[in-house]
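Numbering (full-length UniProt numbering), first residue to last: 1 to 401. Glycine is no exception: its CB is placed at the ideal position from the N, C-alpha and C atoms. Working notes, structure below.
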């Protein structure tokens, strides 16, 4: 996709404007268990992802340079149409850093355009997740990112730029220390495994898929930008965006050693923790089922998520484990229309996987729909995040007041 066509898509986006607030300053007393996701965009091997923009999944292609341990070329997912960047210093420090720099620069303008939803002069931080071993390379990438922002109208609103090497739980990545942080934050997350080090890492972790008919994950890459609000304990009653509660995690025996029934039961318990029945049926209590359904449709408070995003469906046994648990928990879900596996959509994006899951979760949603993100890549741990529609919650509270 060309840069011009990406701009066309973004100008079609009708994002609600945040209400004006008092001038913001860095604070350290945010609620560590809650975030509010306002918007998200991503560049993937399948194309541009954003509000109302969900491309069809593309098949992987044979890499001209990457080979598996058997010597055969690997199937990979590469982001196309990324403008090359002239920065010879990066190549001297770390080869992967140049590709990460290209990916970050490809999304930065689109990321800043999301700030148009905020009142003028609203301060924001930037958290950059970009795994680089070289401190010198990381400093160069951060400085280029800072320069790109300073050259725009958002220069005076920029707070701190903080870099992390790992993605993972968004509440941890976007958390603030004693020095505090601004209420709004741009989380830019980029990773590319299309290099010898990335292939070796996936092979070591036994994740690598070598052919179109073998279990495993294809090497991929992605860059994501999310606009997120850090919430104070008293912050409630929003009518836009999605509230992300702290992820629910369950540790369990190694998946490969468990029977299907045991794996399904463990995942069902996780789904119950992440999406409690009492909360999902709060739109009930009406005189008849027809009225209840109508109210649920109105506020988006159905008893199941409108969207389910899974990180690693291609790993051995995951499709049966996840599919059977979801069908038992929510028979109404159509996983073909309402579910997506990240690895099948654009390959394995490394440390960008959690941010990408959040962007994919909200891209097709209406303001009153909610979503569920499942991380099942680990052999002994599963995690679920619930993205609850703020508009649906506000409507429910209004009905019950």
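Residue i: first and last residue of the uninterrupted beta strand (DSSP E) it sits in
i	result
residue 273	Premise fails: residue 273 lies in the alpha helix (DSSP H), 260-274, not in any beta strand (DSSP E).
residue 257	Where residue 257 is concerned, there is no enclosing beta strand (DSSP E), given that its DSSP letter is neither H nor E.
Residue i vs residue j beta-carbon contact at 8 Å
i	j	result
residue 202	residue 193	yes
residue 350	residue 198	yes
residue 382	residue 217	no
residue 119	residue 240	no
residue 189	residue 371	no
residue 311	residue 334	no
residue 124	residue 83	no
residue 106	residue 43	yes
residue 112	residue 154	yes
residue 361	residue 307	yes
residue 159	residue 26	yes
residue 220	residue 77	yes
residue 318	residue 376	yes
residue 85	residue 45	no
residue 464	residue 274	This structure cannot speak to residue 464, because the chain is shown only from 1 to 401.
residue 412	residue 116	The question about residue 412 has no answer here: the residues shown for the chain are numbered 1 through 401.
residue 49	residue 394	no
residue 325	residue 250	no
residue 87	residue 133	no
residue 163	residue 70	no
residue 256	residue 332	no
residue 461	residue 75	Outside the displayed span of the chain (1 to 401) sits residue 461, for which this structure offers no information.
residue 148	residue 108	yes
residue 180	residue 28	yes
residue 387	residue 244	yes
residue 169	residue 247	yes
residue 321	residue 235	no
Contact set for residue i: own chain, Cβ-Cβ below 7 Å, skip 5 residues either direction
i	result
residue 231	30, 31, 34, 35, 36
residue 174	35, 127, 185, 187, 228, 230
residue 90	97, 98, 101, 137, 140
residue 161	126, 128, 142, 145, 146
residue 57	46, 344, 345
residue 329	268, 271
residue 389	242, 300, 367, 368, 369, 370
residue 353	167, 311, 342
residue 365	306, 307, 371
Helix, strand or coil at residue i [DSSP, three-state]
i	result
residue 122	coil
residue 67	strand
residue 279	Below a pLDDT of 50, predicted positions are generally treated as unreliable, and residue 279, at 45, falls in that range; the measurement from the model is reported next regardless. Three-state result, residue 279: helix.
residue 376	coil
residue 162	strand
residue 245	strand
residue 411	Residue 411 lies beyond the residue range present for the chain, which begins at 1 and ends at 401; the question has no answer from this structure.
residue 189	strand
residue 240	coil
residue 176	coil
residue 181	strand
residue 384	strand
residue 25	coil
Residue span of the alpha helix (DSSP H) that contains residue i, given as start and end
i	result
residue 329	318-329
residue 345	342-346
residue 148	135-150
residue 360	353-362
residue 338	335-338
6 Å CB neighbourhood of residue i in its chain, flanking five on each side removed
i	result
residue 166	351
residue 374	310, 384
residue 290	Unreliable positioning characterises residue 290 in this predicted model, as indicated by a pLDDT of 43, which lies under 50. A coordinate reading is not provided.
residue 316	215
residue 103	190, 223
residue 4	With a pLDDT of only 44 at residue 4, under 50, the local geometry of the prediction cannot be trusted, and the value read off the model is given with reservation. Closer than 6 Å at Cβ, skipping near neighbours: no residue.
residue 486	In this structure the chain extends from 1 to 401, so residue 486 is not present and cannot be described.
residue 114	39, 227
residue 41	50, 110, 225
Contact test: residue i Cβ vs the ligand GTP heavy atom, cutoff 7 Å
i	result
residue 43	With respect to small molecules bound, the structure shown includes none, and the ligand GTP cannot be examined in it.
Own chain partners of residue i with C-beta closer than 8 Å, once the 5 adjacent residues on each side are dropped
i	result
residue 323	335
residue 278	Only weak support is given to the placement of residue 278: the predicted model assigns it a pLDDT of 48, under 50, and the value that follows is read from those uncertain coordinates. Same-chain partners within the cutoff: there are none.
residue 196	66
residue 150	158
Every unbroken beta strand (DSSP E) within the region 191-230, with a cutoff of 3 residues, ordered by chain: Complete beta strand (DSSP E) runs here, min 3: 221-230.
Runs of alpha helix (DSSP H) wholly within the region 37-121 (minimum 4 residues, chain order): Runs of the alpha helix (DSSP H) lying entirely within the region 37-121, each at least 4 residues long, are 88-93, 95-113 in chain order.
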